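Contents: one structure, followed by commentary.
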Amino acid sequence: MTALLDARGLAKRFAMRGAGGWLHAVDDVSLAIAPGECVGLVGESGCGKSTLVRLLTRLTDHDDGRILFDGHDIGAIPAARFARTPQRALIQMVFQDPVDSLNPRFTAFDAIADPIRRLGTRESRASLHDRVRELADLVGLPLELLGRFPHQLSGGQQQRVGIARAIALSPKLLVLDEPTSALDVSVQAVILHLLADLRGRLGMSYLFVSHDLSVVRLLSDRVLVMYLGRIIEHGRVDQVFDRPAHPYTRALVSAAPVLEPSARRPRLRLSGEVLSAIDPPPDVCRFFGRCPEGYDRCGREAPNLRAVDGGDHAAACHLIGGAVLT
Amino acid sequence: MSPPLLDVEDLSLEFRTRQGVVRALEQVSFGIGPGETVGLVGESGSGKSATAYAIMGILDRAARVTAGRAVFRGVDLIGESESRRREYRGRELSMIFQSPRTALNPIRPVGAQIADALRRHAGLGRAAARRRAIELLDRVQIPDAERRSHAYPFELSGGMCQRVLIALAVAGKPALLIADEPTTGLDVSTQAAILDLIRELAAGGGMATLLITHDLAVVAERCDRIVVMHAGHVVEAAPRSRLFTTPRHPYTARLIASTPRPGTKLRDLVPVPGTVPDLRGVLPPCRYRTRCERAVDACDEPPLPRIIPAPGELVACRRPL
């Protein structure tokens, strides 16, 4: 099956003013998302998740690599011009904080109608009222709330508006950036069910960005673990979370709080400082110095992704014997 | 059980707003023993923070305590004058907040902010306060504390800022630390490190902790006893060992069922039905009534039963599980 989104060797460096040097925010990242698939992206703040999302959604230009989306080389279009291409409507985002991401002067109706008014076809603009009502229905937003402003809605209702707006143009890829981390667990459960249901009904693909591993696991088929600008492990969610191969993933999984005492794992504490992302030495593993299992080779040679067990599971660590993936 | 360090008794609190009186807390009761770690959980709007602010005496002007006491070491903090309360705050009683960056002064180096507190509360001189501030930064495991003490909050990560706030909070060796969502918005690994730090400081100094969070998994790992709040009521209080195996209040059971666990499938994740009720106007005796699948007509009859299955436990329900 051809992938909906196929990114190869993506890199983004930011020039550091004053101090000089380059911050390697995203470094040689490749990923593919199949039609209808949900891929999770996890990692600590500062690991480059947000920059990667900005590259994939064409908000920021990358320095290296290419991005194929739906058969088009969207990476070749400068970010400034991407807003006027037809593919723009097919990649949409749902943001973390529904309050901050909704215009306080727009009613729920206007918020949902806005993308259709801006990017919709002439026919979709003509049937705007019906389409907005249909979308509200899809996301379970009571129609009588369409006239309300964001501050008159609850957190869950605001996020429903955010989702309705994102699916208004029938996108093929929805990027979910921590969509439930600002919500209560009870509301989170409702929104997760809604997202799973919409994916099934509309056949969208998701890129689900979160630092909450248990939430990523509930929704995703596969997961990518990012550390200091690189993907250091990927695979099916059960492979990565039940049998993490990279020492960093193991530490991450063991740090997540768990309700049942029986499901708890011994905590792996990371010591030492995170290596700087400013001009990192190319021959050193990015996790070296913080890794409980690092040895001299890790300081001489940066590891590539190697196959761990069957399928897609791979990790970038010298301690894994599998074949190197290109 | 040893006599409690803090005993909150029948605390009721109202907010006067333009849209009417919000009955934010009603007869909230719980205790914290010396050195004990108690978790306070519930959805937004359940009154967790209002309870903490009432204990600390830092409520908004629109708030009014209408009944009840918060007895700390034999002294009712609610009835005390502001000047007396100020003597407790920062010394025996301190608090850390959810957004560490906004809780710190943005235009003053973090070391100086800690030194200020030490000069005010511990009566140290300028040089001694400065030395002690660096020691404290070191104790909260900020690497290179000497150099970092000159940093402004914007130069530090969220996790580092929270460590600075913890250093500030424990500077006066408090008997009770109230931590209001101390790790919300932080990464899992940072969250674990911050919670470890709080636990180590508590164990080392015999400090009791009230950990306020909406994350049940966090309290399940960190707290001896857990108090569950809903819409301004304490609906259940129980030791951790009992709460997660045999919750008695229907709301607690629903809250547990809505928390994701490793290995559970999405279909096993059951949301709590309905929303937290509007706390203005006339409310039924049980504020969970409209969301509860076990409700019967008798639930509308006052008063709300408060069953005490064992000392330190509570179930506020007519038809407990």
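Chains as they are written, first to last, in the numbering used here: chain A, 4 to 329; chain B, 40 to 360. Heads up, the beta-carbon is just placed ideally off N, CA and C, and yes, glycines get one too. Because the structure is a prediction, the values reported are computed rather than measured.
Beta-carbon proximity list for residue i, same chain, < 7 angstroms, skipping 5 on both sides
i                : result
Pro43 (chain B)  : Gly70, Ile71 and Gly72
Val193 (chain A) : Gly159
Glu181 (chain A) : Gln99, Val212 and Ser213
Pro363 (chain B) : In the structure as shown, chain B starts at 40 and stops at 360, and residue 363 (chain B) therefore has no counterpart that could be examined.
Gly24 (chain A)  : Ile281 and Asp282
Asp76 (chain A)  : Arg69
Thr35 (chain A)  : The identity of residue 35 (chain A) in the sequence shown is Ala, whereas the question assumes Thr. Correct list, in chain order: Ala6, Leu8 and Asp9.
Chain B residues whose Cβ lies nearer than 7 angstroms to that of residue i
i                : result
Glu263 (chain A) : Arg300
Reference residue i; option with closest CA among the options
i                : options                                   : result
Val135 (chain A) : A:Leu156, A:Ala111 and A:Gly23            : A:Ala111
Gly81 (chain B)  : B:Thr291, B:Arg123, B:Ala172 and B:Arg158 : B:Thr291
Ser133 (chain B) : B:Thr141, B:Arg279 and B:Ala156           : B:Ala156
Arg300 (chain B) : A:Leu221, A:Arg233 and A:His249           : A:Leu221
Gln90 (chain A)  : A:Asp286, A:Ser265 and A:Gly74            : A:Gly74
Ile217 (chain B) : B:Arg57, B:Ile97 and B:Gly351             : B:Ile97
Leu62 (chain A)  : A:His132, A:Ala83 and A:Leu156            : A:Ala83
His316 (chain A) : A:Gly232, A:Met229, A:Val45 and A:Arg246  : A:Arg246
Arg11 (chain A)  : A:Asp31, A:Leu26, A:Arg20 and A:Gly21     : A:Asp31
Lys304 (chain B) : A:Cys294, A:Asp224, A:Gly232 and A:Val287 : A:Asp224
Glu263 (chain A) : B:Arg306, B:Phe283, B:Asp307 and B:Thr314 : B:Phe283
Val105 (chain B) : B:Pro148, B:Gly162, B:Val61 and B:Ile173  : As written in the sequence, residue 105 (chain B) is Thr, which differs from the Val given in the question. Among B:Pro148, B:Gly162, B:Val61 and B:Ile173, the Cα nearest to that of Thr105 (chain B) is on B:Val61.
Ala305 (chain A) : A:Ala318, A:Leu141, A:Ala169 and A:Val311 : A:Ala318
Leu64 (chain B)  : B:Pro148, B:Ala93 and B:Asp307            : B:Ala93
Ile115 (chain A) : A:Asp64, A:Thr88, A:Arg268 and A:Ser173   : A:Ser173
Ser257 (chain A) : B:Ser280, B:Ala231 and B:Cys325           : B:Ala231
Ser104 (chain A) : A:Ile94, A:Gln162 and A:Glu147            : A:Gln162
Residue-level contact to chain A via CB, residue i, 8 angstroms cutoff
i                : result
Pro210 (chain B) : Here residue 210 (chain B) turns out to be Ala, not Pro, going by the sequence shown. It does not: the Cβ of Ala210 (chain B) has no partner Cβ on chain A nearer than 8 angstroms.
Ser88 (chain B)  : no
Pro286 (chain B) : no
Pro43 (chain B)  : no
Contacting residues, own chain, Cβ-Cβ under 8 angstroms from residue i (five flanking each side not counted)
i                : result
Pro312 (chain B) : Arg293, Arg330 and Glu332
Ala247 (chain B) : Leu44, Leu45, Ile71, Gly72, Pro73, Gly74, Glu75, Thr76, Val77, Ala214, Leu215, Leu216 and Ala241
Gln137 (chain B) : Asp219, Glu220, Pro221, Thr223 and Gly224
Arg165 (chain B) : Ala154 and Arg158
Leu50 (chain B)  : Leu64, Gln66, Val67, Ser68, Thr90, Ala93, Val104, Ala106, Gly107, Arg108, Ala109 and Ile117
Leu195 (chain A) : Thr183, Val218, Leu221 and Leu222
Closer than 8 angstroms at the beta carbon, the chain A residues around residue i
i                : result
Leu255 (chain B) : Val188 and Leu262
Ser133 (chain B) : Going along chain A, no residue has its Cβ under 8 angstroms from Ser133 (chain B), so there is no contact; the nearest lies around 24 angstroms.
Ser83 (chain B)  : Gly158 and Asp187
Glu260 (chain B) : Pro260, Val261 and Arg267
Pro182 (chain B) : Glu276
CB contact check: residue i to chain B, cutoff 8 angstroms
i                : result
Leu222 (chain A) : yes
His249 (chain A) : no
Arg225 (chain A) : no
Leu273 (chain A) : yes
Arg91 (chain A)  : no
Arg168 (chain A) : no
Arg151 (chain A) : no
Residues that residue i contacts on chain A, provided the C-beta gap is smaller than 9 angstroms
i                : result
Asp263 (chain B) : Those within 9 angstroms of Asp263 (chain B) in chain A number zero; the least Cβ separation is about 14 angstroms.
Interface partners of residue i on chain B, CB under 8 angstroms
i                : result
Ala254 (chain A) : Ser228
Partner residues on chain A for residue i, Cβ-Cβ distance less than 7 angstroms
i                : result
Phe283 (chain B) : Leu262
Nonlocal neighbours in the same chain, by C-beta distance under 6 angstroms from residue i, ignoring five residues either side
i                : result
Ala296 (chain B) : Val309
Gly245 (chain B) : Gly74
Leu225 (chain B) : Gly197 and Gly198
Gln191 (chain A) : Thr183
Asp263 (chain B) : Glu75 and Thr76
Ala276 (chain B) : Phe69, Val266, Glu352 and Leu353
Gly84 (chain B)  : Val315
Partners in chain B for residue i, counting only beta-carbon separations shorter than 9 angstroms
i                : result
Glu330 (chain A) : Here chain A covers residues 4 to 329 and nothing more, so residue 330 (chain A) does not appear.
Arg270 (chain A) : Ala231 and Asp235
Notebook entry, point to check: At a Cβ cut of 7 angstroms, what residues of the region 54 to 75 of chain A count as close to chain B, listed as they run along the chain?
Noted result: none
Check: Taking any Cβ of chain A, which residues in the region 289 to 320 of chain B have a Cβ under 8 angstroms from it, in chain order?
Finding: Arg293, Leu294, Ile295, Ser297, Thr298, Pro299, Arg300, Pro301, Gly302, Thr303, Lys304, Leu305, Leu308, Val309, Pro310, Val311 and Thr314
* Asked: Between the region 276 to 304 of chain A and chain B, which residues of the former have CB atoms less than 9 angstroms from a CB of the latter, in chain order?
  -> Glu276
- Message: Which residues of the region 232 to 249 of chain A have a Cβ closer than 7 angstroms to any Cβ of chain B? Give them in chain order.
- Response: Answer set for the region 232 to 249 of chain A: Phe244.
Report the residues of the region 189 to 218 of chain A with a CB closer than 8 angstroms to any CB of chain B, ordered along the chain. Ser189, Val190, Gln191, Ala192, Val193, Leu195, His196, Ala199, His214, Asp215, Leu216, Ser217 and Val218
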